[in-house]
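Here's the structure we're looking at; comments come further down.
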Amino acid sequence: MHRRKLFSTTLQFIIPVLALALTGCQGKPAENTTRTSQSPAQTATPATPRPLLAGRIDNVSLYPVPNNASDLAISLVVSVTNAGEPAVAQNWKLEVNSPGGQEPIVVEPVHVSGVVDKPGGQGQKVDLAKEDLAIKATRTSITAKDRLTGILTFMLKETSESKLASNNTRLAVHFKDQQGNSYQSPQVALGAKPKNK
Numbered sequence: 005m006h007r008r009k010l011f012s013t014t015l016q017f018i019i020p021v022l023a024l025a026l027t028g029c030q031g032k033p034a035e036n037t038t039r040t041s042q043s044p045a046q047t048a049t050p051a052t053p054r055p056l057l058a059g060r061i062d063n064v065s066l067y068p069v070p071n072n073a074s075d076l077a078i079s080l081v082v083s084v085t086n087a088g089e090p091a092v093a094q095n096w097k098l099e100v101n102s103p104g105g106q107e108p109i110v111v112e113p114v115h116v117s118g119v120v121d122k123p124g125g126q127g128q129k130v131d132l133a134k135e136d137l138a139i140k141a142t143r144t145s146i147t148a149k150d151r152l153t154g155i156l157t158f159m160l161k162e163t164s165e166s167k168l169a170s171n172n173t174r175l176a177v178h179f180k181d182q183q184g185n186s187y188q189s190p191q192v193a194l195g196a197k198p199k200n201k
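For the sequence shown, position 44 matches number 48 in the working numbering, and the numbering has no gaps at all.
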């Protein structure tokens, strides 16, 4: 009898405690285990600053190569501007594109010296060694809003001014910056006066 009373008293004590404990568990808010994912805009790394060069052919001069009239020299006054990080312009090439199914001819500049008439300069003289853009551009870092101007000379084998002009030939200059980004000037048609900006 004494045991029953003790058991009954113990149950009376335990049941309210359990009820209280259960009520406490139910009232506790559940933890939010959902993770918010970042959008691609938040996770993307910022773009690396880079040069933004632009080249333009300002004037063209065609003439037979001295002491070798069967080859043609092409001297170009070329200007380069930059709207990005400072850069040098290098790896110059001239693309000569004649219509009629022919593949474009691509040639590298030749280094010449001597004082000659500036292409398109109306009698102005220029020292080609000092104004050689292929050399000048590698020594000069072009910063934003700067303009670097110089002369590039190329040689085409076995051709003439009349042959190129009669084919409505177009010229474009290709070059790169020190990061390896490639650039191309707008094409200029032989016989057409380049537009000055």
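Cβ coordinates follow ideal geometry from the N, Cα and C atoms, glycine included.
Is it the case that the Cβ atoms of residue i and residue j are separated by a distance below 8 Å?
i: S65; j: S79; result: yes
i: S83; j: R174; result: no
i: A141; j: A93; result: yes
i: L98; j: V116; result: no
i: T134; j: D121; result: With the sequence shown as reference, residue 134 is identified as Lys, and Thr is not the correct amino acid for it. Against a cut-off of 8 Å, the Cβ pair of D121 and K134 comes out as no contact.
How should residue i be labelled, buried or exposed, when 16 other C-beta atoms within 10 angstroms of its C-beta is the threshold for buried?
i: K110; result: Inspection of the sequence shows that residue 110 is occupied by Val rather than by Lys. The residue is exposed, with fewer than 16 neighbouring Cβ atoms inside 10 Å.
i: P20; result: Low per-residue confidence applies at P20: pLDDT is 49, beneath 50, and the placement is therefore not dependable enough to give any value.
i: T157; result: buried
i: G154; result: buried
i: S189; result: buried
i: N86; result: buried
i: V100; result: buried
i: A138; result: buried
i: G127; result: exposed
Closer than 7 Å by C-beta to residue i: which residues in its own chain qualify, once you throw out the five before and the five after it? Chain order, please.
i: K9; result: Summary for K9: the model assigns pLDDT 49, below 50, so the residue's position carries little reliability; its value from the coordinates is reported in the next sentence. So the list is empty, once near-sequence residues are dropped.
i: N171; result: S102, P103 and G104
i: D136; result: H115, G154 and I155
i: G118; result: L132
i: S164; result: L76
i: A148; result: N86, A87 and G88
i: P108; result: E99, V100 and N101
Mind checking who residue i pairs with in its DSSP beta bridge?
i: N63; result: V81
i: S74; result: Bridge partners of S74: none, in fact.
i: S186; result: K180
i: K129; result: D121
i: D136; result: I155
i: R174; result: N101 and A193
i: Q94; result: K180
i: L57; result: N86
i: V111; result: L98
i: L160; result: L76
i: V116; result: According to DSSP, V116 bridges with nothing at all.
Among the residues of its own chain, which have a CB less than 8 Å from the CB of residue i, if the five just before and after it don't count?
i: K180; result: A93, Q94, N95, S186 and Y187
i: G91; result: Note that residue 91 is Ala in the sequence shown, not Gly. Result list for A91: P55, L57, S145, I146, D181, Q182 and Q183, in chain order.
i: M159; result: V69, D75, L76, A77, I78, V111 and V114
i: Y67; result: L76, A77, S79 and E165
Skipping 5 residues on each side, what residues in its chain have a beta carbon closer than 6 Å to that of residue i?
i: P123; result: N63, S65, S79 and V81
i: G88; result: R54, P55 and L56
i: K161; result: D75
i: R143; result: none
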